[in-house]
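>
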Amino acid sequence: MARFGITALTLVCFIHIMLVASGTKFLVTLPKQPHYDSELLATVTAVNVPPQGDFITLTYRGAKDSSRILNKTELEFKNDGVQTWGVVFPWKRMQNLEETGVKFEIGTEEKTLYFLPDPGYIFIQTDKPIYTPRQTVRFRIIAVDDYQVLAKYQLKVDIKNPGNIIVDRMRYSAEEAFRSQTFELPWEATVGIWSISANFEDLGAKYGATKTVEFEVREYVLPRFSADLKINTDVITRNTGWVTFFISGKYVYNRPLQGKVEMQLGVWDPDNGVQMLPQWCSPQLKKGKARCNFMMTKVFPKDKKFPKNKRLYVSLNVTEAGTGENDTIVDTSVFIAHPYYEIDFSAADQYFKPGFPYTLKADIRSKSGLPGSSVLLYFYIYCKNKDGKKIIKVTDYQKSDNEGKFVEVFKLPKETEKVEIMVGVLDWSRDVFTYDRHSPTKQKTITNQYIHVSMLKPIESWKEGTVELLYTADSSSTTKKTKITVQVLSKGQVIHTTTTLKNSDGRSLIKLPSYLHPVASPSMRVLAYYYATVGNKSEFVVDSLLVDTEDTCIEEISIFPPGDGHSFQVHKPKDKYEMELLGEANTRVGLAAVDEAVFLVNNKQTLTRKSFFQDLQSHDQGEGEGEGEDIKSILINSGLQHLIFDTEGGPEAAIYSIRGGGVGRKGHFTRVRASHKATVFNIPMSKETVSNRRENKRNVAPPQTVRKYFPEAWLFEEFKLDSTGFKKLDLTLPDSITTWSFMAVSLSPHRGVCVSKPLRQDVQKLFFAVVRLPYKVTRLEEVKVRVAIYNYRLNPKEIKGVVSGVDGICFSANSIRRRTEEDHTFTAIVPSKGIVTEVVKIIPLKNGELTLRVDVQEINGKKERDVVEKKILVVVSS
2 MARFGITALT LVCFIHIMLV ASGTKFLVTL PKQPHYDSEL LATVTAVNVP PQGDFITLTY
62 RGAKDSSRIL NKTELEFKND GVQTWGVVFP WKRMQNLEET GVKFEIGTEE KTLYFLPDPG
122 YIFIQTDKPI YTPRQTVRFR IIAVDDYQVL AKYQLKVDIK NPGNIIVDRM RYSAEEAFRS
182 QTFELPWEAT VGIWSISANF EDLGAKYGAT KTVEFEVREY VLPRFSADLK INTDVITRNT
242 GWVTFFISGK YVYNRPLQGK VEMQLGVWDP DNGVQMLPQW CSPQLKKGKA RCNFMMTKVF
302 PKDKKFPKNK RLYVSLNVTE AGTGENDTIV DTSVFIAHPY YEIDFSAADQ YFKPGFPYTL
362 KADIRSKSGL PGSSVLLYFY IYCKNKDGKK IIKVTDYQKS DNEGKFVEVF KLPKETEKVE
422 IMVGVLDWSR DVFTYDRHSP TKQKTITNQY IHVSMLKPIE SWKEGTVELL YTADSSSTTK
482 KTKITVQVLS KGQVIHTTTT LKNSDGRSLI KLPSYLHPVA SPSMRVLAYY YATVGNKSEF
542 VVDSLLVDTE DTCIEEISIF PPGDGHSFQV HKPKDKYEME LLGEANTRVG LAAVDEAVFL
602 VNNKQTLTRK SFFQDLQSHD QGEGEGEGED IKSILINSGL QHLIFDTEGG PEAAIYSIRG
662 GGVGRKGHFT RVRASHKATV FNIPMSKETV SNRRENKRNV APPQTVRKYF PEAWLFEEFK
722 LDSTGFKKLD LTLPDSITTW SFMAVSLSPH RGVCVSKPLR QDVQKLFFAV VRLPYKVTRL
782 EEVKVRVAIY NYRLNPKEIK GVVSGVDGIC FSANSIRRRT EEDHTFTAIV PSKGIVTEVV
842 KIIPLKNGEL TLRVDVQEIN GKKERDVVEK KILVVVSS
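Take 2 as the starting number for the sequence shown in this note's numbering and just add one per residue.
1. Can you give me the C-alpha to C-alpha distance between Lys573 and Val869, rounded to a whole angstrom?
2. To which residues of the same chain is Glu263 closer than 7 Å at the C-beta, ignoring the five residues directly before and after it?
3. Return the first residue and the last residue of the alpha helix (DSSP H) that His825 is part of.
4. Between which residues of its own chain and Val487 is the CB-CB distance below 6 Å, once the five residues before and five after are set aside?
5. Thinking just about the alpha-carbon of each residue, which of Lys872, Leu846 and Ile860 is nearest to the one in Ser878?
6. Which residue from Lys575, Leu28, Pro32 and Glu624 puts its Cα closest to that of Leu732?
7. Would Val876 be called buried (16 or more neighbouring beta carbons within 10 Å of its own) or exposed?
8. Taking the alpha helix (DSSP H) that Asn97 belongs to, which residues open and close that run?
9. For Glu106, which of Lys93, Pro523 and Ile57 has the nearest alpha-carbon?
10. Roughly how many whole angstroms lie between the Cα atoms of Asn861 and Lys798?
11. Please determine, among Val489, Gly466 and Gly507, the residue with the shortest C-alpha to C-alpha distance to Asp475.
12. For the beta strand (DSSP E) that Pro279 lies in, which residues bound it at each end?
13. DSSP on Asn792, reduced to helix/strand/coil?
14. Would you tell me roughly how many angstroms separate the C-alpha atoms of Glu418 and Gly627, rounded to the nearest one?
15. Quick check on the DSSP output: the alpha helix (DSSP H) that includes Pro519 runs from which residue to which?
16. Going along the chain, which residues of its own chain have a beta-carbon closer than 8 Å to the beta-carbon of Ile167, five neighbours each way excluded?
17. Checking 7 Å against the spacing of the C-beta atoms, do Leu760 and Ile560 come in under that value?
18. Among Ser462, Ile344 and Gly584, which residue has its Cα nearest to the Cα of Phe727?
19. Near Ser198, what residues of its chain come up, given a Cβ to Cβ distance below 6 Å and the 5 sequence neighbours on each side ignored?
20. Taking only runs of the alpha helix (DSSP H) that begin and end inside the region 515 to 563, which ones reach a length of at least 4 residues, in chain order?
21. Where do the ends of the alpha helix (DSSP H) carrying Thr298 lie?
22. Could you work out which residue in Val433, Arg219 and Val145 is closest to Asp616 when comparing CA atoms only?
23. Have a look at Val1 and Tyr61 and give me their C-alpha separation to the nearest angstrom.
24. Expressed to the nearest angstrom, what Euclidean distance is found between the alpha-carbon atoms of Arg180 and Gln136?
25. Any chance the region 737 to 752 sits against the region 300 to 318, with 3 or more Cβ pairs inside 8 Å?
26. List the DSSP bridge partners of Ser457.
27. Shortest alpha-carbon distance to Lys786 belongs to which of Lys261, Leu874, Asp328 and Lys157?
28. Output the distance between the C-alpha atoms of Gln762 and Ser833, rounded to the nearest integer angstrom.
29. Taking the alpha helix (DSSP H) that Asn638 belongs to, which residues open and close that run?
30. So Val771 is in the beta strand (DSSP E); what residue range does that whole segment cover?
31. Over the uninterrupted beta strand (DSSP E) stretch that includes Phe812, give me the two end residues.
32. Since Val804 and Val788 are thought to touch, with beta carbons under 8 Å apart, how far apart are those beta carbons, to the nearest angstrom?
33. May I have the straight-line CA-CA distance separating Val599 from Cys554, to the nearest angstrom?
34. For Ser67, which of helix, strand or coil comes out of DSSP?
35. Could you tell me the boundaries of the beta strand (DSSP E) in which Asp428 lies?
36. Quick check on the burial criterion: 16 or more other C-beta atoms within 10 angstroms. Buried or exposed for Arg366?
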């Protein structure tokens, strides 16, 4: 579920700190935007604690009624260190109390925090991204809290048409929403973009933020093949020579297309539209591939003005041999510009620390946005002292990686006051030299102390990770070792806190436990800070690092095809298909199977593994790499709010004890004594569910010998893994000759949601017929039905075909010849690896869905046969 921003639904808490004696300094950090129903974790760091110790009292009060104490606790510090305190504020409870904000107070300091409006994540999956009128939309909703446990709140689900009008409203518990639900599209459904919205519904009239997915409704017929165009450049400059256009075509069952190509070039810009050029080519596809080559100096002669800041327009038409069906592509992805590359330094360190490593990151991309893969880079870095004198110059050559990224780490001299960087791209193949500059800013400090965080080893599922801390070492005269606090955040919440002592060599290693591996996905932020005092100057020294971790679910789910999952197996329509699911014990799994031809019409799937991790990442509350010029900007950019309360020189506070005393008024949150381990206090909520769940029958292929079951999507069902985390499904493949895309969504009985990687399965025959019908036809009008016979055998086949229909279908040829037969017969010779098409003219006499049957059989030889039944929709002329 995406982060929806700040709303008026907020909670205000007062945290009041009382001290035993003066001199203690406290740094308190909390998430920038706390989450309902999740642990609001306050991390309290105390330094300069006196010998007799100190107490800190944390009090949470309501915003609307500040006399209402929601939670109160006391932390005791006997020496310098860090403690955490966690409180859970249930979403419904806060709504009932009508509390609307978080006011965080420390002594005379205070800060307001805002809660995210929803208690968790909502994911919505439809069985496919596009539908025709009359079809059934199948969908499931996965609603979980921030711990990825099934949500306890009721869901309100709205289905809206393209006019944004609610056509259906349903209410489910999260348990019911995970099971497949349905919505029947009307016969005359409005064509356009429809939507499904879901949100956690309050007890009253208020609703939380909404998760919305879209699906398309229009009249279409699934294509049988697709064309693809790849161009060996994405930017054309004045110096560009030959450009090659690679054309390919393949059927939905992954065999190469037979046909021809027609391609023409042009120039496009948003102001003047398309201007076609005289350059064109028309090769034949050979094994599904063809290419065209053009010299750009002839397309854009040097004696004419270069069309800068425009795009190349490519019109491509690929026609299948035998049937005459075609696929058209219009491509405007290639930019006409100069220079070719752009260099982006946004991921580089924007601030530097003298005497510490500096990380230079550059993202090399073409004007079209594609990565500059494996291009040669030249770079230099100048370091200057306070007098402006160069104290070091580093120059080198290096290649970018496959994603166009470049990373280099430099150790800066201690005297560095200014850094100047230049990176240039040397691409001799395109006769390109481009450069750009970057000048980071010195990080602010009043004690001249710094800390630097880097990731030496990533966290693995079986192995702990290692964080390296480099810092300004304490002087030899220092008698008290300094403690460094380390926090790890992911998806807007603190997931790990630890401390370490500063060493005399200025280096410490922090081990991150392996159990953080799935929790820290898809990214984490590592924050480290300590309190430094030099003479009469003191400050918190801090650094932060953004780590892009592996996309890993808390509990993974995987799909395996029959066999060992690696050997190639040819599957035919109606074959038995033993799919295997593997995950954690007793996990619930929702499956979906989609004909990949659907993605050729609309590929905007409502839920994928990629979009799942994008939704998780949207809960990160940091900005950029998390760095900044001072503690305030670094903590904010890491996703934390903070307060520093300094009692140095202030009046000594009286001891305030709450031991044994009752607090607040009726309905307050109970106080719990704090410890180093975070304690979560949860308020039990009443259970209330409302459902109008609709029954959904399993969409199973009927047993038959005739091929007539051609679903665009199927298997939208739920299963449960056994105690070993395994499930074998005995399936029967539908009659489609295509490629099926299988995907699983899982919900752990403990915690964790996951979306599997897709499993693709080709389904083929070596001899078969394809019946091409329009989406709908008009009664009493002549219709051309194309019957294509495909032969992938090594020998040609002489075949006989019979096309027949139910009452209500008249064959035009028979009518003209005054024949009484109710079918159409033809013969043909289908060449080896070839196609033959028969065009049959019919006149529908009735309204509704009429069945057309095609029976093709080899006359001699093995007598191979294929029988296909399709339904044709007949409507009354308007």
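Glycine included, each C-beta is placed from N, C-alpha and C at the ideal position.
This is what the structure gives:
1. Here the alpha carbon of Lys573 sits roughly 14 Å from the alpha carbon of Val869.
2. The answer, listed in chain order, is Ser283 and Asn318.
3. Looking at the DSSP string, His825 is not in any alpha helix (DSSP H); the run it does join, the beta strand (DSSP E), is Asp824 to Val831.
4. Thr499, Ile511 and Ala529, listed in sequence order.
5. Ranking the options by Cα distance to Ser878, first place goes to Leu846.
6. Among Lys575, Leu28, Pro32 and Glu624, the Cα nearest to that of Leu732 belongs to Lys575.
7. By the beta-carbon neighbour count (other beta carbons within 10 angstroms, threshold 16), Val876 is exposed.
8. Start and end: Trp92 to Leu98.
9. Per the Cα distances, Ile57.
10. So the two alpha carbons sit approximately 8 Å from each other.
11. Taking the Cα of Asp475 as reference, the smallest distance to any Cα among Val489, Gly466 and Gly507 is reached at Gly507.
12. First-last of the beta strand (DSSP E) with Pro279: Gly274 to Cys282.
13. For Asn792, the three-state secondary structure derived from DSSP is strand.
14. If you draw a straight line from the Cα of Glu418 to the Cα of Gly627, it comes to about 22 Å.
15. Where Pro519 is concerned, the enclosing alpha helix (DSSP H) stretches over Leu517 to Val520.
16. Excluding positions up to five away in sequence, the list reads Asp159, Ile160 and Lys161.
17. In this structure, Ile560 lies closer than 7 Å to Leu760 by Cβ.
18. If we check each option's Cα against that of Phe727, Gly584 comes out closest.
19. Only Asp159, Thr211 and Thr213 meet the Cβ criterion.
20. Runs found: 517 to 520.
21. Unbroken alpha helix (DSSP H) run through Thr298: Met297 to Val300.
22. Selected option, being the one with the closest Cα: Val145.
23. The chain is shown from 2 up to 879; residue 1 falls before or after that span and cannot be answered.
24. Distance between the alpha carbons of Arg180 and Gln136 is about 19 Å.
25. The answer is no - the region 300 to 318 does not touch the region 737 to 752, with fewer than three Cβ pairs under 8 Å.
26. Inspection of the sequence shows that residue 457 is occupied by Leu rather than by Ser. BP columns for Leu457 are empty, so no partner.
27. Reading the sequence as shown, one finds Val at residue 786 and not Lys. It is Leu874 whose Cα lies nearest to the Cα of Val786.
28. Rounded to the nearest angstrom, the gap between the Cα atoms of Gln762 and Ser833 is 25 Å.
29. From DSSP, the alpha helix (DSSP H) with Asn638 extends over Ile632 to Asn638.
30. That run of the beta strand (DSSP E) goes Phe768 to Arg773.
31. Residue range Ile810 to Phe812 is occupied by the beta strand (DSSP E) that includes Phe812.
32. About 7 Å; that satisfies the 8 Å criterion.
33. Cα-Cα distance, rounded: 28 Å.
34. Secondary structure at Ser67: coil, using DSSP grouped into helix, strand and coil.
35. In this chain, the beta strand (DSSP E) harbouring Asp428 covers Lys419 to Asp428.
36. Looking at its Cβ environment, which holds 16 or more other Cβ atoms inside 10 Å, Arg366 is buried.
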